[in-house]
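Undergrad: With the first letter of the sequence shown counted as 1, position 43 gets the number 43 in the UniProt record's numbering; the numbers rise by one all the way through.
Where is the CB? At the ideal position from N, CA and C, for every residue including glycine.
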Amino acid sequence: MELSGARTLVVGATGVLGGALTEALRDQGATLALAGRTDPSGTGGEPTFTVDALDLERCAAVVDEAADALGGLDLVLVAIGVAGFGEESENDVVTEHLLTVNTQAPMAIGRAALAHLTDSGGTLAMISAILADVPTPGMAAYSASKAALSAWLTATRGGVRKQGVRVLDVRPPHIETGLADRAVAGTVPSGIRAGSDVATLVGQVLEALRSDRRTVTFDLRSGEYALG
Ligand SMILES: NC(=O)c1ccc[n+]([C@@H]2O[C@H](COP(=O)([O-])OP(=O)(O)OC[C@H]3O[C@@H](n4cnc5c(N)ncnc54)[C@H](OP(=O)(O)O)[C@@H]3O)[C@@H](O)[C@H]2O)c1
């Protein structure tokens with residue numbers, strides 16, 4: 001897709017990866033609307049919205065509001081998420097939180113987005129995680145939430161391809177963004193090290209968007225990204 005002029009909603013623009021992707025898309029000339037749990041700081045009159053991922057109706061509504069503000073949508077990028085680790089995450093309350101924020105909220109945003117992206121032949125892009133490919137001990141519930149999102153993206157992609165809509169699933173490895181320190185429960189298991197950095201991931205996502213790819217994956221053995 002052409003990023004310059006692309007009418008783009010970033011949900012999770014207040015986060016580290018969402019913020020870095022927002023800046024990169026702005027640099028590429030995308031026309032932005034930004035959403036976050038707290039009001040994101042837009043520049044130059046960019047419309048901004050608040051959304052709590054625990055409110056699934058609001059997740060859908062924010063997409064329609066952004067489409068109204070931009071006159072349609074060519075790209076919807078979802079970068080919201082929370083982590084949970086260890087035994088502290090293996091209970092119903094934390095699991096519900098992880099599944100709501102990491103799975104159901106992106107799905108609600110995605111369903112609302114598809115209505116607009118079908119009109120424009122646009123792209124739905126979301127950050128799931130390498131955990132979808134490599135479910136990891138000490139992160140069972142977190143892995144399950146990301147694997148479920150990734151499965152939804154795969155199935156959705158096949159269903160909307162004929163309508164000209166592309167679906168990109170970004171599955172990064174651990175990146176030092178502070179996400180682990182903001183975990184809803186528990187602490188990151190020892191031995192988990194950063195496999196990449198923010199700038200490299202951003203470069204891969206932009207390239208994947210430009211070249212209409214389906215996936216951004218990471219090989220832990222080679223330490224390399226691959227675009228699928
Ligand atoms: N960093 C990594 O190692 C890594 C690896 C693989 C995948 N990912 C995924 O990448 C995405 C971004 O992560 P990040 O590293 O950039 O972490 P981050 O800086 O903590 O960003 C997380 C984003 O999710 C938002 N969020 C969390 N709970 C929310 C809620 N209830 N309602 C609305 N928004 C909510 C945060 O909003 P606030 O700013 O308002 O809290 C923030 O915008 C996540 O889906 C994460 O799982 C990260």
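Near A13, which residues of its chain fall below 7 Å by C-beta distance, leaving aside the five closest residues on each side in sequence?
TA: In the sequence shown, counting from the first residue as 1, residue 13 sits at position 13. The answer, listed in chain order, is G19, T22, L34, A35, G36 and P40.
Undergrad: Between M139 and ligand 3, is there a pair consisting of the residue's CB and a ligand heavy atom that are separated by less than 7 Å?
TA: Ligand 3 is not part of this structure, which contains only ligand 1.
Undergrad: Cα separation between T187 and F218?
TA: In the sequence shown, residue 187 corresponds to position 187, counting from 1. In the sequence shown, residue 218 corresponds to position 218, counting from 1. If you take the alpha carbons of T187 and F218, they lie about 23 Å apart.
Undergrad: Whose C-beta lies closer than 7 Å to the C-beta of R58 among residues of the same chain, with five residues either side of it excluded?
TA: Stepping through the sequence shown from its first residue, residue 58 is reached at position 58. The residues are V51 and D52.
Undergrad: CB-CB under 6 Å to R166, same chain, minus the five flanking residues each way: which ones, in chain order?
TA: In the sequence shown, residue 166 corresponds to position 166, counting from 1. Taken in chain order, the residues that qualify are T123 and D212.
Undergrad: So for G36, helix, strand or coil by DSSP?
TA: Position 36 of the sequence shown, counted from the first residue, corresponds to residue 36. Reduced to three states, the DSSP call for G36 is strand.
Undergrad: Going by DSSP, which residues form a beta bridge with Y142?
TA: Reading the sequence shown from its first residue, position 142 is the one you call residue 142. Its beta-bridge partners do not exist; DSSP assigns none.
Undergrad: So, G5 versus G29, is the Cβ gap smaller than 8 Å?
TA: Taking the sequence shown and counting its residues from 1, one reaches residue 5 at position 5. Taking the sequence shown and counting its residues from 1, one reaches residue 29 at position 29. Result yes, Cβ atoms of G5 and G29 sit closer than 8 Å.
Undergrad: I'd like to check one pair, L3 with I127: are the Cβ atoms closer than 8 Å?
TA: One-based indexing of the sequence shown puts residue 127 at position 127. One-based indexing of the sequence shown puts residue 3 at position 3. No.
Undergrad: So within the region 50-123, which uninterrupted beta strand (DSSP E) runs reach at least 3 residues, ignoring any that extend past its ends?
TA: Counting only runs of 3 or more, we get 75-78.
Undergrad: Please report the residue range of the beta strand (DSSP E) in which A226 lies.
TA: Numbered from 1 along the sequence shown, position 226 holds the residue referred to as residue 226. Unbroken beta strand (DSSP E) run through A226: E224 to L227.
Undergrad: Are the beta-carbon atoms belonging to A61 and T95 less than 8 Å from one another?
TA: Start at 1 with the first residue of the sequence shown, and residue 61 comes out as number 61. Start at 1 with the first residue of the sequence shown, and residue 95 comes out as number 95. No, Cβ-Cβ distance for A61 and T95 is not below 8 Å.
Undergrad: Just grab the DSSP bridge partners of residue 229 for me.
TA: It is not possible to answer for residue 229, since the shown part of the chain is limited to 1 through 228.
Undergrad: When you compare the region 62-80 with the region 156-163, are there three or more beta-carbon pairs, one atom per stretch, that lie closer than 8 Å?
TA: Touching, no.
Undergrad: In three-state DSSP terms, what is L25?
TA: Locating residue 25 in the sequence shown gives position 25, counting from the first residue. Three-state DSSP puts L25 in a helix.
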